[in-house]
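Structure first, then comments.
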Amino acid sequence: VVGDVGPALGLPASPGPRHPSDDLLERRYRVVADVQEHYYTAPPQIERGWREYLMDVDGRVYLDMVNNVASVGHAHPRVVEAATRQMHLLNTNSRFHYGGITEYGEKIAATLPDELDTVFFVNSGSEAVDLALRLAMAATGRRDIVAMREAYHGWTFASDAISTSIADNPFALETRPDWVHTVVAANSYRGAHRDADAARYAPEAVADIDRIVAGGALPAGFVCETYFGNAGGVALPAGYLQEVYAAVRRHGGLAIADEVQVGFGRLGRWFWGFQEQGVVPDIVAVAKSIGAGHPLGAVITRREIADRYRTQGYFFSSTGGSPVSAAIGSAVLDVIQQEGLQDNARDVGAHLAARLEDLGTRHPIIGRVHGSGLYLGVEFVRDRETREPATAETAAICDRLLELGVIMQPTGDHQNVLKIKPPLCVTKDSVDFFVDALARTLE
Ligand code: PLP
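Residues in the sequence shown are numbered consecutively from 526, following the UniProt record's numbering.
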């Protein structure tokens, strides 16, 4: 079924050439400050979602191939039920509420190596990264942080200060505080992936850290994305984290992993960085999929690091880890485990990658398919040799896919990479629907 799939699902057909969403869009642009420059010529206004499907205000149904935050699927009945039940009981934070936070903390800690046993709850990925930096500063008594170039860690002041992926971001570049130091990027956020000579990057990053220390800055910690999600799924070179974490620890700093994009199952494991690379960080920041769309983030660390912070720093979040957040987070973890969603991410991800590779043999505009599990990227190029980015074509492909009923998003420095990160419950049939729509679009 292609196009307006509503009727096939027993839902209303789309109402004609002018949609109610056109008016809604105009109103939204007037008052909401987030969507002025949209990659869609006619962005849909989504009203509801279930599993990996979305429906807009006009009743058109789409396949959601991009919402990694909706980890267990939109409106999962167990998540809805857990949230509703807790909403009726209690939803305010205080230092003495019960609200399920204990069970939830225990469940999160159980997904991690034993030494990472203490959890702070916040509201978002940016907050989690901010707190991770503060924990490292408090535990080491130092101020300096080493980050990787071309990475993204969030939009709050501290997470933004260590984010160098946004080329024209004055808050992150011109005004980057003197406590931020950077090392060479391993692969790239921006779509120009360089993994052919990846073995170089760990030694180069280690040399950068040695230079930073020789220049008089003692690092409180080294932080990096353990997988470049926003490049459309690019892994760190094998062994990278072992070498770079060892270097920062040699200089007395802590190892911080930003698992906000991929933690909790997207790549077919609970965590990507240290499970794949065989390391255990001192501090891990997570968010996004743990709350299945609800504002929820967490920082997991060792007890002694948490205690050092508690004796020096201030931490109280009015809403972080609220009873409803805990109920949702807890239900999400149960669903991931009980429905085998990590296995699904591996199986369906491998099937999807194989189908996309196959499509690439017939369509030279596909420069590369990369990534792992249910976090893949398809790079569109004008020329496979020069890898000249096919930016305008990518926007047109997104528009056409939308007409065919698939929601996608371009990414990378040149906006020529489709990032593919559907809910973890996505079926093989759904990803086949997407690949068939992409094939028709390219034809
Ligand atoms: N860290 C990484 C790796 C991210 O990709 C993001 C968001 O895209 C963040 C942190 C910030 O998370 P949030 O948008 O929840 O503040």
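Yeah, the Cβ is synthetic: ideal placement off N, Cα and C, and Gly gets one too.
Please confirm whether any heavy atom of the ligand PLP lies closer than 7 Å to the CB of ALA812. Taking the sequence shown and counting its residues from 1, one reaches residue 812 at position 287. Yes, Cβ of ALA812 sits closer than 7 Å to a heavy atom of the ligand PLP.
Which residues count as close to the ligand PLP when the rule is a CB under 5 Å from any of its heavy atoms, in chain order? Of all residues, those with a beta-carbon under 5 Å from at least one heavy atom of the ligand PLP are SER649, GLY650, SER651, HIS678, GLY679, GLU750, ASP783, VAL785, GLN786 and ALA812, reported in chain order.
Is VAL594 closer than 8 Å to VAL604 when the C-beta atoms are compared? Counted from its first residue, the sequence shown places residue 604 at position 79. Counted from its first residue, the sequence shown places residue 594 at position 69. Taking the C-beta atoms as reference points, VAL594 is found no nearer than 8 Å to VAL604.
When burial is assigned at 16 or more other CB atoms within 10 Å of the CB, is ALA962 buried or exposed? Taking the first residue of the sequence shown as position 1, residue 962 is located at position 437. With 16 or more other CB atoms across the displayed protein chains lying within 10 angstroms of its CB, ALA962 is buried.
May I have the straight-line CA-CA distance separating SER955 from MET933, to the nearest angstrom? Along the sequence shown, one-based indexing puts residue 955 at 430. Along the sequence shown, one-based indexing puts residue 933 at 408. Approximately 14 Å between the Cα atoms of the pair.
Can you tell me the Cα-Cα spacing of ILE626 and ILE861, whole angstroms? Working through the sequence shown from its first residue, we reach residue 626 at position 101. Working through the sequence shown from its first residue, we reach residue 861 at position 336. If you take the alpha carbons of ILE626 and ILE861, they lie about 19 Å apart.
Taking the straight line between their C-alpha atoms, what separation do you get for ALA558 and GLY803? What you label residue 558 is simply residue 33 of the sequence shown in a count that begins at 1. What you label residue 803 is simply residue 278 of the sequence shown in a count that begins at 1. A straight-line Cα-Cα distance of about 42 Å links ALA558 and GLY803.
Proximity below 8 Å, CB of ASN648 to CB of SER842: Locating residue 648 in the sequence shown gives position 123, where the first residue counts as 1. Locating residue 842 in the sequence shown gives position 317, where the first residue counts as 1. In contact: ASN648 and SER842 (Cβ atoms closer than 8 Å).
With distance defined between alpha-carbon atoms, name the residue in ASN869, ALA870, ARG871 and GLY896 nearest to GLU882. Residue 882 sits at position 357 when you count from the first residue of the sequence shown. Comparing Cα positions, the closest option is GLY896.
Residue ranges of each beta strand (DSSP E) run of no fewer than 3 residues wholly in the stretch 550-608, ordered along the chain? The DSSP assignment places 571-575, 578-581 and 586-589 as complete runs of the beta strand (DSSP E) inside the stretch 550-608, in order along the chain (cut-off: 3 residues).
In or out: THR636 buried (at least 16 other Cβ within 10 Å) or exposed? By one-based count along the sequence shown, residue 636 stands at place 111. Answer is buried; the Cβ neighbour count reaches 16.
Examine the Cβ distances between the stretch 946-955 and the stretch 864-884 and report whether three or more of them are shorter than 8 Å. Three or more pairs of CB atoms, one per stretch, sit closer than 8 Å, so the stretch 946-955 contacts the stretch 864-884.
What are the partner residues of LYS944, as DSSP defines its beta bridges? Taking the sequence shown and counting its residues from 1, the one referred to as residue 944 is at position 419. BP columns for LYS944 point to GLY902.
With a threshold of 7 Å on Cβ separation, who are the neighbours of SER684 within its own chain once the five nearest residues in sequence on each side are excluded? On the sequence shown, residue 684 is found 159 positions in, with the first residue counted as 1. Cβ within range, chain order: SER651, VAL654, ASP655 and HIS678.
Cβ pair PHE646, GLY845 closer than 8 Å: As a first step, residue 646 must be located in the sequence shown, where it is residue number 121. As a first step, residue 845 must be located in the sequence shown, where it is residue number 320. For PHE646 and GLY845, yes; Cβs fall inside 8 Å.
If you count every other CB in all the chains shown that lies within 10 Å of the CB of GLY716, and 16 or more means buried, which is it? Numbered from 1 along the sequence shown, position 191 holds the residue referred to as residue 716. Reliability of the predicted coordinates at GLY716 is poor, the pLDDT of 45 falling under 50, and the value obtained from them is presented with this limitation in mind. So GLY716 ends up on the buried side.
Among residues of its own chain, excluding the 5 on either side of ILE945, which ones have a beta-carbon nearer than 6 Å to its beta-carbon? Translated into positions along the sequence shown, residue 945 becomes position 420. Excluding positions up to five away in sequence, the list reads MET590 and LEU901.
Would you check if the distance between the CB atom of ALA727 and the CB atom of MET673 is smaller than 8 Å? The count along the sequence shown starts at 1 and reaches residue 727 at position 202. The count along the sequence shown starts at 1 and reaches residue 673 at position 148. No; because the gap between Cβ atoms is not below 8 Å, this pair is not in contact.
Who are LEU877's beta bridge partners in DSSP? Taking the first residue of the sequence shown as 1, we reach residue 877 at position 352. DSSP, once it has assigned bridges, lists no residue as partnering LEU877.
Can you check DSSP and say which residues form a bridge with VAL644? The count along the sequence shown starts at 1 and reaches residue 644 at position 119. ILE825.
Among ALA676, ARG925, THR617 and ASP938, nearest to ARG965 - alpha-carbon criterion: As a working mapping, residue 965 is identified with position 440 in the sequence shown. Relative to the Cα of ARG965, the nearest Cα in the group ALA676, ARG925, THR617 and ASP938 belongs to ARG925.
Can you tell me which of GLU768, ARG893 and ASP703 puts its alpha carbon nearest to the alpha carbon of THR911? As a working note, residue 911 is residue 386 in the sequence shown. Of GLU768, ARG893 and ASP703, the residue nearest in Cα terms is ARG893.
Can we say the stretch 744-751 touches the stretch 927-942, given the rule of at least three CB pairs closer than 8 Å? Under the 8 Å Cβ criterion, the stretch 744-751 does not count as touching the stretch 927-942, having fewer than three qualifying pairs.
Extent of the continuous alpha helix (DSSP H) run through MET933: The count along the sequence shown starts at 1 and reaches residue 933 at position 408. Note, MET933: premise wrong, no alpha helix (DSSP H); not H, not E.
Measuring alpha carbon to alpha carbon, tell me which residue in ILE830, ALA730, SER847 and ARG835 is nearest GLY822. To locate residue 822, count along the sequence shown from 1; it is residue 297. For GLY822, the nearest C-alpha among the options comes from SER847.
What is the DSSP secondary structure of ARG893, counted as helix, strand or coil? Residue numbering aside, residue 893 sits at position 368 when the sequence shown is read from its first letter. ARG893 falls in the strand class under three-state DSSP.
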